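97 is the number that the numbering used here gives to position 106 of the sequence shown; each next residue is one higher, with no gaps. We treat Cβ as the ideally placed atom computed from N, Cα and C, and that holds for glycine. Note that this is a predicted model, so its numbers are computed, not measured.
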Amino acid sequence: MIWNRRTWMTLGAISGLAFDGRTLWVCDRALNKLYQVDLVSGQVIRSLTGPGLRPVGLTFTGRHLVVGDNYADLVYLTDPATGRLIRSFSGPGGGVQGPAFDGRTLWLSCQGTATLNQVDIVTGRLIRSVGSPSSLPTGNAFDGRTLWNLDDNTNTIYQVDMVTGRVIRSVA
C-alpha cells in the first residue's frame, strides 16, 4: 500500500523500490505496473505499464529505470519519463531479480543458479559471478562499497564483498 494523506492505495504485490534522487519508484509484480511516488505527499505521480511480464526489482542508473523480470528472465532498461523500452537482455543465471546499479555495472540475483552476477549494463555480458549467501536471492542494493542481498526464504539481509562473495555481515 502507498500512503498519502487522504487515502491508502492498495497495490497487488510490491516487488521493488528505487530512488531517483527526487521521487520513489515502486514496482508491482501482480499488476505489472511501475509507480512514481512523491515522497512528501505519498501521491502517485505517474503509473507506467511494466516493460515485461512480472517486474521484480528496480534500480535507477541516473538516467534509466532498470527492471528485472524473473518470468521472462530479462532485464529491461526503460525511460522513466515515458516508460519506453530502451533495451533488454537475458539474465545470466535464470530467475533474474533485484537489479542494483554500482555506478558502472548492474548486479542481479539469479535464483536459478543462486548467484549474484555482475553484468555490463549495455550488453548484458556477464563480468563476474559469485555464489549468493542466500538460498533464494531476491533484492539487491549497492551502498557505494558493498552489495546487500536479501534472502527471500529466511528474510535475512547479507552484506556481501562484491569481489569474493564473502559475507561481511548478516541481519535477520
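Assignment of beta strand (DSSP E) within the stretch 32 to 114, counting only whole runs of 3 or more residues, yields 35 to 40, 46 to 51, 56 to 60, 65 to 69, 76 to 81, 87 to 92, 96 to 101, 106 to 111 in chain order.
The alpha-carbon separation between Lys24 and Val35 amounts to approximately 12 Å. In the DSSP annotation of this structure, the continuous segment of the beta strand (DSSP E) that includes Arg160 starts and ends at 158 to 162. In the same chain as Ala91, and ignoring 5 residues on each side of it, the C-beta atoms closer than 6 Å to its own belong to Thr50, Trp98, Asn131, Ala132, Phe133, in chain order. Using a Cβ distance threshold of 7 Å, Thr114 and Gly84 do not count as a contacting pair. In the DSSP assignment, Ser6 falls within the beta strand (DSSP E) that extends over 5 to 10. Per the Cβ contact rule, the stretch 51 to 70 is in contact with the stretch 7 to 19 (3 or more Cβ pairs under 8 Å).
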